[in-house]
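A short write-up of the structure that comes next.
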Amino acid sequence: MNPHASIRSALGLLALLAAMPAAAAPAGAALVPPDGARFLVDQRFDIRIEGQASGAATSRLWVDGRQAAFSSGAQGTTTTDGISSAGWAGFNLRGTALAHPGWHTVTAEIADSTGAATVSSRIQVIDPFNRRKGAHRLTKNIVIMLGDGMGIAHRTAARIVRYGVTAGDPNGQLEMDRFPGTGLVSTHSLNSIITDSAPGMACYSTGNHASNGQEGVYPAHVANPFFAPRVEYLAEYLHRVKGTSLGLVTTADVEDATPAANAVHTANRNSGTGIVDQYLDESDSSGSGRCGTGLRVLMGGGRRWFLPATGLHSSRTAATGYPALPRDLLDGWNLPAAPAAQGAATRDLISEFKGAGFAYAATRADLKAAADGKATDRLLGLFGYGNMNVALDKIARRRGTLPPGASTFAVDDYLAPDQPMLDEMADAAFTVLSRGRGGFVLMVEGAHIDKQSHLMDADRTIGETLEFDRAVGVARRWADRLGDTTVLVLADHECSGFSLIGALSLSGGVQALKDLPSDAGALSPGVVPARQNAVGTYDLAGFPDYHILADGYPATMDIDHKMLVGFGASSDRYESWLAKPTPVIDSLLPVEFKDAGGLLGAKGYATIPGLRDIDKNGFFVRGQLNGEGQAVHTATDVPVSAYSSGSRAWIRFVGAQKNTDVFFKLATAALSGDLPDDLGRDDY
Ligand SMILES: [Zn+2]
């Protein structure tokens, strides 16, 4: 055995023992930031130690062996501190930062009448500033194109549908395929190999892992999800350091995890009312540059949260709002005094955004007018009550052609007939953000790549990836126009185990597929359902040839030789292989839209994705999961594609990397821009 290895393992054991609280000490003693956390020089974060104390608790804190002090917590009394959960004692140091690069040790002790627990975290601080001589081009604008749930197969499927293949060669490449830098990114969260979208995005925007369901915070036992210990976002850091603005664009409800994980600090991604309130309350729209996110553009669905509870299709409730933030949080993060209406169900947030100087757009027509207005430098766009509709349903309405089997247009049924496409939203965001000084961070999310993969709707998923790729093209053209802009195409995780298994292989094509007898009952391994035999693999798959119309989308997804998709992370489902006429009712909608007998249910929209093909002769596919008819995220790595104008910052993203690395690479590109030739193996 290698003697160094045994010394290392002995040291590891000692570290482990040091980290373990003594048996009689407060139970569940835990310290955040967790061991191994990484920060930029001067990036702010909260330190918290907590435990289930019996009686009064006390605490002590050391940073690199020097005594420090917590800024809040009920020291030596049993009085509640108003921050910790019932039964928990906690001590916080808010908004602290470390100035010196390298490794640091934070040690904290929590004690009660039964004893004391001491916990340490080793923390690395990374210097994003190039202190070497020489003129280097900084990345002024950072653009993250986030294809939610988009794995490699999603990209391949979109390319085959959009461009086709001749004699083995693709007839064209997606916009994202044409980016010069390609790498792989791991996707873990703080508490699982499989992340959800909240920590999936937050690892790119904070450089830190969060637990599933949480964004911009560390896990803690606190009385309200908005009291959790914070870590500073890239947008907040750059806004504070150099006056950068923030834009968030999504096809989801804007309360959803991916947009919120750039600007909102909460331990509950479902706190819709509080999430949208915090967008405004911490936007620092006064432009003082001292605090907040610098939010200037917010676009997507989710109007329901911005309307007072008395308004039609409002979802605002005090239950998902947030109370006044604790004093230590306000002081530590230099947050503005809370507005009187914060978190209230009666708050009229659209009016408040307008009062803060935002132009408001509710439709595609509004959006064009607002972006064209030369004075518009702040923009709120809310194009649906909950999630926006998907690309194929928006396009169907624009074409005036009902999908086969549909009797109404989905966008009409969602009460949002005039919704923009994601590329139009992205273009408006660039137009508005480029009017500001100091550069910007812009996140553009193709949200339904994930949501339609969950719902095992292969055709709508591919349509979403096509829509997303058009937005990527917009980003690249704006990057060239503006200069000094780095664009990343990323995913937060893969969704559904999406796999391209073959193509429809029936003489007689789609009509023959429709004419096959029902085999919904065929379950025995020895019985081959007719629709299983319809899958042509290898040579029989050949090269599916879709007809693309002038709008950039296929005339129909049901071609005679259509590409067929399997789901490797699925629950049970019935599969007809045919395009579904209407979308499944998804979760982020006002209750009166999605409830049984609600607006959409009454029009025949399905609620359980796995069952919707049961009456269309779908064959039964046994899934691996008890997933209530949905597919789930997977742990596979995701691709990153990078492009930069004005520098070669994209080179940083080539190769395999941890998801949190992306944050440090972006910050370094923005603040240092050191020459790629200087890049060492451990550089960011
Ligand atoms: Zn998802």
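Here the numbering used here is used: the first residue of the sequence shown is 749, the next is one more, and so on.
Glycine included, C-beta positions come from ideal geometry on N, C-alpha and C.
Since we're looking at a predicted model, the values are computed, not measured.
query                                                                                                           : result
His1295, DSSP secondary structure in three states                                                               : coil
Neighbourhood of Met1047 by C-beta, 6 angstroms cutoff - its chain only, sequence neighbours within 5 removed   : Val997, Gly1129 and Met1173
Spatially closest choice to Arg796 from Asp1240, Pro1071, Pro1277 and Val979, by CA coordinates                 : Val979
Neighbour-count burial assignment, Gln1259, 16 or more Cβ in a 10 Å radius                                      : exposed
For Ser1201, the first and last residue of its enclosing alpha helix (DSSP H)                                   : His1196 to His1202
Quiz: which residues have CB nearer than 7 angstroms to ligand 1 non-hydrogen atoms                             : Asp896, Gly897, Asp944, Ser945, Asp1198, Lys1199, His1202, Cys1243 and His1381
Per DSSP, the bridge partner or partners of Phe818                                                              : BP columns for Phe818 are empty, so no partner.
Contact under 8 angstroms by Cβ, Val1283 with Ile1249                                                           : yes
Best match in Leu1336, Ile1399 and Thr1124 for proximity to Gly931 [C-alpha to C-alpha]                         : Ile1399
His1295 burial status per 10 Å Cβ neighbour count (16 or more: buried)                                          : exposed
Minimum C-alpha distance to Asp875 - residue among Leu886, Pro849 and Tyr1133                                   : Pro849
Nearest-angstrom Cα separation, counted from Gly1069 out to Asp1025                                             : 8 angstroms
Backbone CA spacing between Ala1015 and Glu1100 [nearest angstrom]                                              : 25 angstroms
Per-residue DSSP class, three states only, for Trp1398                                                          : helix
Best match in Arg1321, Leu841, Val867 and Gly824 for proximity to Ala775 [C-alpha to C-alpha]                   : Val867
Span of the beta strand (DSSP E) around Thr806                                                                  : Thr806 to Val811
As assigned by DSSP and simplified to three states, the class of Tyr985                                         : helix
First and last residue of the uninterrupted beta strand (DSSP E) at Thr844                                      : Ala837 to Thr844
Residue range of the alpha helix (DSSP H) that includes Ser868                                                  : Element bounds for Ser868: not the alpha helix (DSSP H) but the beta strand (DSSP E), Gly863 to Ile874.
Limits of the alpha helix (DSSP H) - the one that Gly1103 falls within                                          : Leu1097 to Gly1103
Buried/exposed call for Ser1155, threshold 16 Cβ in 10 Å                                                        : exposed
Where the alpha helix (DSSP H) containing His902 begins and where it ends                                       : Ile900 to Tyr911
Where Phe1246 sits in the DSSP three-state scheme                                                               : strand
Cβ-Cβ distance between Trp836 and His1013 below 8 angstroms                                                     : no
Where Glu923 sits in the DSSP three-state scheme                                                                : coil
Cβ neighbours of Val1369 in the same chain (closer than 6 angstroms, five flanking residues each side left out) : Arg1321 and Glu1323
Exposure of Ile941, with buried meaning 16 or more beta-carbon neighbours within 10 Å                           : exposed
Beta carbon of Val1237 nearer than 8 angstroms to that of Ser1019                                               : no
Cβ-based burial, Trp851 [other Cβ within 10 Å; buried from 16]                                                  : exposed
Cβ neighbour criterion (16 or more within 10 Å) applied to Val1138                                              : buried
Length of the line joining the Cα atoms of Leu1097 and Tyr1027                                                  : 10 angstroms
Buried or exposed (CB count within 10 angstroms, at least 16 for buried), Ala1109                               : buried
Helix, strand or coil at Gly1080 [DSSP, three-state]                                                            : helix
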